[in-house]
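Peer 1:
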Amino acid sequence: MENCIFCKIIAGQIPSAKVYEDDKLIVIKDIEPKAKLHYLCIPKTHFAYFTEMDDDKAETLKYCFQTIANIYKDLGLEDGYRVIINQGENGGQTVKHLHIHLLGGEVLGGF
Ligand code: 5GP
Ligand code: ZN
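Its first residue numbered 4, the sequence shown is counted upward by one per residue in this note's numbering.
1) Quick check: the Cα distance between Lys27 and Phe114, rounded to an integer number of angstroms?
2) Which residues does DSSP list as the beta-bridge partners of Val86?
3) Around the C-beta of Ile34, are 16 or more other C-beta atoms found within 10 angstroms, so that it is buried, or is it exposed?
4) Nearest CA to the CA of Gln90: which residue from Gln69, Met56, Leu111?
5) Measure from the alpha carbon of Cys67 to the alpha carbon of each residue in Leu101, Ala38, Asp77, then state which is nearest.
6) Are Lys21 and Ile29 closer than 7 Å when you measure CB to CB?
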């Protein structure tokens, strides 16, 4: 997708601190961490919004969640972490390519 910063990161056109990659997703460190550890799990197929969910996209998300469950210890998140998807304007979504935030490495404040 043209002009999508995460598509450019996936394509290697913009550098990133990549901590995991396979054929379907990458996990990178967030450039402006909001916790001691802050990762972004980004599916390689571009879709913008959680609200676009269909069977294919649900499969993609399922794969993301399963992969996170497999690698969280390698990321230093063994003591727990927070999973966040910001959706749309009110949700604070700034990048229009669906991604899952993983926050941890410390005790996080409540909502
Ligand atoms: P959103 O606000 O859309 O849920 O999250 C976007 C996240 O992407 C933000 O936490 C922001 O810091 C991060 N981000 C934006 N641009 C870049 C970038 O070029 N590289 C990395 N690693 N993270 C980015
Ligand atoms: Zn994209």
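Just so you know, even glycine gets a beta-carbon here, dropped at the ideal spot from N, CA and C.
Peer 2: Put simply:
1) 31 Å
2) Leu105
3) exposed
4) Met56
5) Leu101
6) Yes.
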